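Engineer: Final position of the sequence shown in numbering that gives the first Met the number 0 is 741; the numbers increase by one with none missing.
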Amino acid sequence: MKLHPPVWILGPSNQASRRRAAAAMETGRRPPGEGLRRESGAGGSGAPPAQQDLSAGPAPGAALPGPGTVDGAALKTALRDMRRRTAGQLSSLAQDLRRSLADCTSVKTCWAADAAAAARYIAGLAEPDTAIIANRSSTVLGEIAPKLAELGRQVYDSYLDEFGPFDKSIHDCWDLPRLIENGITGNFEVLDGWQAGNHPPGHGRRLKDCIAVLGITAASAADGSLYFVQHAGNIGETLLRAARIVFVIALDKLAPGREEALFQARCTGIFGLESMLLGLKSGVPDSSRLDGLSEHAGEDQEVHFIILDNGRSRLPGTAYEELLDCIGCRSCLNQCPVGNHMMDRYGRWSPRDHLFLYLQGEPLSLNSCLHCEACRTECPLEIDLPGLMWRAQEDRGLARGLRERLMGDPEVFARAGSLLAPVANAFVRSSPGNLVIKDVLGLDRQRPLPCFQSPTLTKWFASGGHAGVPLSQGGSPNRKEAGGRAGRSRRKAAYYAGCFTTYYQPEVGRALVHMLQMAGVEVVMPEQRCCGMPMMAARNYAGARRNAALNATSLAPLAAGGYDIVTTCPSCNLMLKQQCRYLAAGTAALSDCVFDSSQYLLMLIKDGTLSLDAARWDGQVIHHLPCHIKIQGLQQEASGLLSSIPGLSLDRTSSICCGMAGYHGYKRPHARLAGQIGARLFADLDRRSQGRIVTSCAACRMQIEWGTGRKATHPVMLLQEACEETANRMRTGTCQIDCSVM
0 MKLHPPVWIL GPSNQASRRR AAAAMETGRR PPGEGLRRES GAGGSGAPPA QQDLSAGPAP
60 GAALPGPGTV DGAALKTALR DMRRRTAGQL SSLAQDLRRS LADCTSVKTC WAADAAAAAR
120 YIAGLAEPDT AIIANRSSTV LGEIAPKLAE LGRQVYDSYL DEFGPFDKSI HDCWDLPRLI
180 ENGITGNFEV LDGWQAGNHP PGHGRRLKDC IAVLGITAAS AADGSLYFVQ HAGNIGETLL
240 RAARIVFVIA LDKLAPGREE ALFQARCTGI FGLESMLLGL KSGVPDSSRL DGLSEHAGED
300 QEVHFIILDN GRSRLPGTAY EELLDCIGCR SCLNQCPVGN HMMDRYGRWS PRDHLFLYLQ
360 GEPLSLNSCL HCEACRTECP LEIDLPGLMW RAQEDRGLAR GLRERLMGDP EVFARAGSLL
420 APVANAFVRS SPGNLVIKDV LGLDRQRPLP CFQSPTLTKW FASGGHAGVP LSQGGSPNRK
480 EAGGRAGRSR RKAAYYAGCF TTYYQPEVGR ALVHMLQMAG VEVVMPEQRC CGMPMMAARN
540 YAGARRNAAL NATSLAPLAA GGYDIVTTCP SCNLMLKQQC RYLAAGTAAL SDCVFDSSQY
600 LLMLIKDGTL SLDAARWDGQ VIHHLPCHIK IQGLQQEASG LLSSIPGLSL DRTSSICCGM
660 AGYHGYKRPH ARLAGQIGAR LFADLDRRSQ GRIVTSCAAC RMQIEWGTGR KATHPVMLLQ
720 EACEETANRM RTGTCQIDCS VM
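(1) Jot down the residue ranges of each uninterrupted beta strand (DSSP E) in the segment 227–265, minimum 3 residues, whole runs only, in chain order.
(2) My understanding is that L684 touches T707, with C-beta atoms under 8 Å, so please give their C-beta distance in whole angstroms.
(3) According to the Cβ coordinates, are D222 and R265 closer than 8 Å?
(4) If you draw a straight line from the C-alpha of A148 to the C-alpha of V439, how long is it?
(5) Using the three-state DSSP reduction, which class does L2 fall into: helix, strand or coil?
(6) Looking at C-alpha atoms only, which residue of P447, G658, L647, R686 is the closest neighbour of L717?
(7) Alpha carbon to alpha carbon, what distance is there between R528 and P752?
(8) For the beta strand (DSSP E) holding W459, just list the boundary residues, first then last.
(9) Residue range of the beta strand (DSSP E) that T104 falls in?
(10) Kindly indicate the opening and closing residues of the alpha helix (DSSP H) around Y562.
(11) Looking at the strands, I want to know which residues DSSP matches up with E294.
(12) Less than 8 Å between the beta carbons of R667 and L442, yes or no?
(13) What is the DSSP secondary structure of H340, counted as helix, strand or coil?
(14) Using a Cβ-Cβ cut-off of 6 Å (strictly less than) and excluding sequence neighbours within five positions of T216, which residues of its own chain qualify?
(15) Tell me the residue span of the alpha helix (DSSP H) that contains K75.
(16) Pull the bridge partners of W110 from the DSSP assignment, please.
(17) Any idea if G338 is buried or exposed, counting beta-carbon neighbours within 10 angstroms, 16 or more meaning buried?
(18) Below 8 Å CB to CB, which residues in the same chain sit around A415 once its five sequence neighbours on both sides are set aside?
(19) On the three-state DSSP scale, how would you describe Q445?
(20) Quick check on the DSSP output: the alpha helix (DSSP H) that includes R390 runs from which residue to which?
(21) Our contact map puts F246 next to L213 with C-beta atoms below 8 Å; I'd like the distance itself, whole angstroms only.
(22) Is it true that the CB of L323 sits closer than 8 Å to the CB of L89?
(23) Got a sec? Which residues, its chain only, sit under 7 Å from R484 by beta carbon, not counting five neighbours each side?
(24) Terminal residues of the continuous beta strand (DSSP E) containing V512?
(25) Is it true that the CB of M388 sits closer than 8 Å to the CB of L365?
(26) Is R651 helix, strand or coil when you go by DSSP?
(27) Rounded to whole angstroms, what is the Cα-Cα separation between G327 and D80?
(28) Quick one: give me the first and last residue of the alpha helix (DSSP H) that F412 is part of.
(29) Suppose the cutoff is 6 Å on Cβ atoms and the five residues either side in sequence are ignored; what does the same chain contact list for I306 look like?
(30) Tell whether a beta-carbon distance below 8 Å holds between A373 and C335.
(31) Among R428, D563, K75, whose alpha-carbon lies nearest the alpha-carbon of V743?
(32) What is the C-beta distance between K605 and G561, in whole angstroms, given that I count them as a contact (C-beta under 8 Å)?
(33) So is S157 buried or exposed if we call it buried at 16+ other beta carbons inside 10 Å?
(34) If you draw a straight line from the C-alpha of I676 to the C-alpha of S688, how long is it?
(35) So the candidates are L363, A548, L358, C378; which of them puts its Cα closest to the Cα of S330?
(36) For L9, which beta-bridge partners are listed by DSSP?
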């Protein structure tokens, strides 16, 4: 029998004393006469007692992995494998934990089926005026604290008490370097252990009359060992001084054994370091500070364990099972554009926690999600949070209002408007017509509406407009010999234009077709429908699936026949390449054949098919990277195309989210949030008053033009402009060099 399971605290450090504590933990023996130390240092690079590679991950029966050298990719693979094995064992792990705790003589254990049961248990431990202090656990602050509030009990976040007033300079992910990618991590070694009532020599302080509710980072089901990751000293201080301690063990924090639990805790610290820095805020002293609480009459600490389910046991075998992979590092918040605008009363918010509470039936909305996909790419477990959010809304089956139905198939409006373009545009430009459209559709009155174009890109292409010579008024495109042979590309491209380019901005599509023709690429424009992203945003899931199936029917044979599928819209590219596979059969085969226009044109330039030797564009360019370019890993290609244009000076590349998210920012309920998110980008562009703004996303262009009053250009149009300028000079006799095609 034992008094209670061992409790261990990890923090970023390289101090030798903490390595001794880690060694003690491995042997299960506490260094004699030592209490819990609260030293808090920066991440270091000192060698652990036994140099091991953390990225190797735990293996059954293997020695406990040390901090060692962090290989981010290998670490993610090891963590993913471990968590996905663990998620399928929740029931048996919970039984193992309960048996482990049953052997402890000085603890009381509560099985809580939901957060309300956990809150009732905590509230019953002391008088109504007894302070309840919590660590920065999403389980405690996000799930249990609201239920305690319903019982009239307030919960204080002890983390904030660690900080006095200060000027915060780190506001979001764009203020940080990519930490792991730049080799910046904390070692997250074990600081020391804890056991009830064992104060270090010279402690000299009595217990405080409060309840400490502490959500753990990881737990070993085999022996009940608990692990915390601590960036400040709040957890250690609370463990030493709180009269009543309640450890909350959510089922998804369980790991089979001590090795796996420690590994999981270390990964939480490593992958959560950016979120910790982003979450720093000036503390405001209040009645939750331990020093200000009354002393407890007794000398013994009470220890309680709450094993919390709250819907987790229902997730295995469902579409949401991968949420159990989550370790709570909050990496999903790092680049979430709405993160800083969605904080709850405790200053905590994450897409994963929000979705989980939504699945538990909490009265929350998922409509604020911009579906930028950043949370999926940031997550070390690659949890598809955007896809799960779409699925959750569909599964809840909420009725679609008239506005959602009208906006649920934007291509219908675009097609009708283009057929009647002169009349439709006159109506849109008139004040009464503009207000009527915006009020019927629920759009923000301050946002200018785009104009319909006629002919549409599809009609232009079908009528043979693309057969004209792009850079001159007569003759055939000149070809240039390469390697002693007449060169012509063997590539064939199927252009997927998307709704906006087809109906509102066909000049972008014409520019791409002309550039591909310059390279000798055979271009076709197959039958196509909206990619489905705006339809999903309006909860028209049936329509999105129908369109995905139609696009697959049209594009799959072309892909099989050797055609590359080229897009000029990053969101369309994302849907065709990744998301449509979840909507319709036959779309997964398209993935390897889909290319963003910047990516494709740069590839043609690099392989010598498209020569820009004679092209030129003199001036500065400020390049804005859309979110859907970043999350596809196309940053280098997008900037590389611009850098390849002779004479062009690339001032800088901006990664700040514009906040628009398709037509999401047009909607009246979200327009203000879109403006708040884009404010930093607008300010950044205003500071750089010189230079052309270039971005490949139509929504980003509209947002930038609205927020700055400056025109933004698609990269393909700028490339065509560079070649067109040379052609114009050739026609006027001011240039003797041909803009060539190989």
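Beta carbons: idealized from backbone N, C-alpha and C, even for Gly.
Remember, it's a predicted structure, so these values are computed and weren't measured experimentally.
Structural biologist: Here's the rundown:
(1) 241–249
(2) 5 Å
(3) no
(4) 40 Å
(5) coil
(6) L647
(7) Any question about residue 752 goes unanswered here, given that the chain covers just 0 to 741.
(8) No beta strand (DSSP E) holds W459; the alpha helix (DSSP H) holding it covers 456–461.
(9) No beta strand (DSSP E) holds T104; DSSP gives it neither H nor E.
(10) Not the alpha helix (DSSP H): Y562 falls in the beta strand (DSSP E), residues 562–566.
(11) K207
(12) yes
(13) helix
(14) Y226, F227, V228, A264, T267
(15) 71–86
(16) I306
(17) buried
(18) A423
(19) coil
(20) 384–395
(21) 6 Å
(22) yes
(23) With a pLDDT of only 31 at R484, under 50, the local geometry of the prediction cannot be trusted, and the value read off the model is given with reservation. Hits under 7 Å: none found.
(24) Run containing V512: none in the beta strand (DSSP E); it sits in the alpha helix (DSSP H), 505–517.
(25) yes
(26) strand
(27) 16 Å
(28) 409–418
(29) W110, I248
(30) yes
(31) Coverage of the chain is limited to positions 0 through 741, which leaves residue 743 absent and any answer about it impossible.
(32) Not really, about 20 Å apart at Cβ, beyond 8 Å.
(33) buried
(34) 20 Å
(35) C378
(36) V189, V228
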